[in-house]
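Here is the structure we will look at, set down as structure tokens.
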Amino acid sequence: MAFLTIQELNTHLHDELVETITRGDATIAEAAIDAAIAEAKGYLTRFDCTRIFSASGSKRNQLLLIFVKDIAIWHLTNLCNAGTELQFRQDRYERAIDWLKAVQRGDVSPDLPDRETEEETGSNTPIGPIAYGSNPKRCQHF
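Per this note's numbering, the sequence shown starts with residue 46, numbered consecutively.
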């Protein structure tokens, strides 16, 4: 089962509005959902995205689900904003992206599964961000 289905979008946008925007073509709504999941995955790289987005039902993180729905509805209403206020949808989208950026920075710690460590996977792939830098360049004049 998918992380998010078209029928579950009805908590954010009525079924008849989804039907109007997509003109009965379910692939348009599925494309918006896929784009929203891909966008969220880009911010959640330090977590196990495979486990997060393969969950279904009550096993999903409900806050993440709400924000993925907001992003999907934003992508859907960009096609046609029939029956919904575009500014409201834009505000919800920006709120979702701000939350994902806060998670990415580490300001917010959601209850999401971490990526497996090197000992668990047996590989040498780096886990997490790597910081590097150097001292400022110095000019010495004699």
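Ideal Cβ positions, reconstructed from N, Cα and C, are used throughout, including at glycine.
On a predicted model such as this, the values are computed, not experimentally measured, just so you know.
Within its own chain, the residues whose Cβ lies closer than 8 angstroms to the Cβ of T122, once the five positions on either side in sequence are excluded, are L58, I66, T129, L131, R134, listed in chain order. When C-alpha distances from I175 are compared across I78, V148, R91, A74, the shortest belongs to R91. Annotated as proximal: A81 and A117, with beta-carbon spacing under 9 angstroms. Collapsing the DSSP output to three states places D79 in a helix. Listed in chain order, the non-local C-beta contacts of I97 below 6 angstroms within the same chain comprise L157, local neighbours out to five positions each way being set aside. Remark: C-beta atoms of I142 and Y88 approach each other more closely than 9 angstroms. For D159, the three-state secondary structure derived from DSSP is strand. Exposed is the label assigned to C184, since fewer than 16 other Cβ atoms lie within 10 Å of its Cβ.
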